[in-house]
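These notes concern the structure reproduced below.
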Amino acid sequence: MQFTHSHTPRRGALLLLAVFACIQILVGFYLMSGTEKIQGISDVLNADIATIQSHDILTLAQAGNFIKGIR
Amino acid sequence: MSYYHNAHPGFILYLALICISVLTFLYIDIQSVHLGILSIIWGGFILMRVLSLYEVSEHYAPLTLRDASKITNQGSSALPYDLSRRMSSHTQFKRGVLALHALDIRTILWFALGVIYLCAHLYIHKDTMSPLDIAKNVTIFFTIGTAFWAGQSYAASQSASHIMMVVFMALFALSLQKIGILLPENPPKFQDISLLNILLMTLMSYSAFVLLMGLRHGFKNVISIITGLMLILLLGLSYMQLDNLMQNTALWLSGWSLFSIFWIQSYSRRRKRYVLYQGQ
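Sequences listed follow chains A and B, in order.
Using this note's numbering, the first residue of the first sequence is number 1190, and each one after it goes up by one.
Using this note's numbering, the first residue of the second sequence is number 187, and each one after it goes up by one.
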């Protein structure tokens, strides 16, 4: 078994992988940062809008029943 | 002197990380925080593995380079030197020199193709993706890529590759069963011919090509090569059925990790040359 590779490509590959690992760590910290809170607020807002809309629909349905009752 | 007691430091940690990652993607409704934690652990692990391979590359590999050859054997006075060199070189091989195959140019080219695919994916979806989605995509790609590379660096060892084969096959089968693809009720959907699909198919074709190139060294590893080709075909077929779910990451993670064993076996020549007493 002989390794025909010289040192330089191996060092280059190791350096590249180290850079990838550093990017991965940085992205990991970014994912763990406060972005989840913003997502959470938007979820709450969406839920509120959905609640209001469902409330409107209920009100309309109740009004329909009321009108039917009058008839 | 080595900083590491083991020739393959972190092997158990690597197996544990793969198991934890695959099971997390399969069974937990994964949030950004979970992905972030996994990403940091994987990044730290890869840094440690790079450092251990750096030691092997700088310290042990040069000792195998200046191997006494047939030329020095011709002068009989070189025999004791030759013998001692071969004995020490055998020890160096046991310190994980074969793991340096994972730094081959073919692996780096695989990463280059993967990065091109990732950049194209991000560019095409740039209008519909939030920064958080971009970060998620980047971290998933790097997790799969680094798991694939670390798998190669460990699979050069015969005993480690056997353990990896059992564990990764179990995880891959579990992912297939959990996601429920390749079942008769889920026929393959023929996806549109887009730039992304072409790039991904290029990556898979390149992987298959590298395996086939292993046949140059003879038919010793032909079973491993055929199994690897079947696996890459299975990954391609499952890609046709995948919807955009986080669970599918588990399938890719276990699939590429398993594939790393066949990849490294296809071009690592394990044969050592014993020519000490030939000639004269």
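Don't be surprised by glycine CBs; every beta carbon is placed ideally from N, CA and C.
In the three-state scheme derived from DSSP, where H, G and I count as helix and E and B as strand, HIS245 (chain B) is classed as helix.
Residues THR210, ILE214 of the same chain have their beta carbon placed closer than 8 Å to that of HIS220 (chain B), with the five preceding and five following residues left out of the count. Contact between TYR340 (chain B) and MET350 (chain B) holds, with the beta-carbon distance rounding to 7 Å and staying under 8 Å.
Contact with chain A is found for SER225 (chain B), since one of that chain's Cβ atoms lies less than 8 Å from the residue's Cβ.
PRO195 (chain B) carries a coil assignment under DSSP once its states are collapsed to helix, strand and coil. GLY366 (chain B) and LEU437 (chain B) have their C-alpha atoms roughly 11 Å apart. Straight-line measurement puts the Cα of ARG1199 (chain A) at about 30 Å from the Cα of MET355 (chain B). Inter-segment contact for the stretch 409-429 of chain B and the stretch 289-300 of chain B is absent: fewer than three beta-carbon pairs are separated by less than 8 Å. Between the alpha carbons of GLY337 (chain B) and GLN433 (chain B) lies a gap of roughly 21 Å. Interface flag for LYS406 (chain B) against chain A is unset, since no Cβ pair is found closer than 8 Å.
Taken atom to atom, the span from the alpha-carbon of THR388 (chain B) to that of HIS194 (chain B) is near 32 Å.
Using beta-carbon distances, TYR240 (chain B) counts as an interface residue toward chain A, with a partner under 8 Å. Ranking B:ALA333, B:GLN451, B:ILE326 by CA distance to the CA of ARG402 (chain B) puts B:GLN451 first. The C-beta distance from LEU289 (chain B) to ALA1207 (chain A) rounds to 12 Å, too long to meet the 8 Å contact threshold.
Rounded to the nearest whole angstrom, the C-alpha separation of ILE1214 (chain A) and GLY230 (chain B) is 7 Å.
Nearest to LEU1205 (chain A) by C-alpha distance, out of B:GLY331, B:LEU362, B:GLY441, is B:GLY331. The CB of LEU233 (chain B) comes closer than 7 Å to the CB of ALA1207, ALA1210 in chain A, given here in chain order.
Neighbours of ALA321 (chain B) across chain A, judged by C-beta separation under 7 Å: VAL1216, TYR1219, LEU1220. Our two residues, ASN192 (chain B) and ILE198 (chain B), have alpha carbons roughly 11 Å apart in a direct line. At a cut-off of 8 Å between C-beta atoms, GLY366 (chain B) does not count as an interface residue with respect to chain A.
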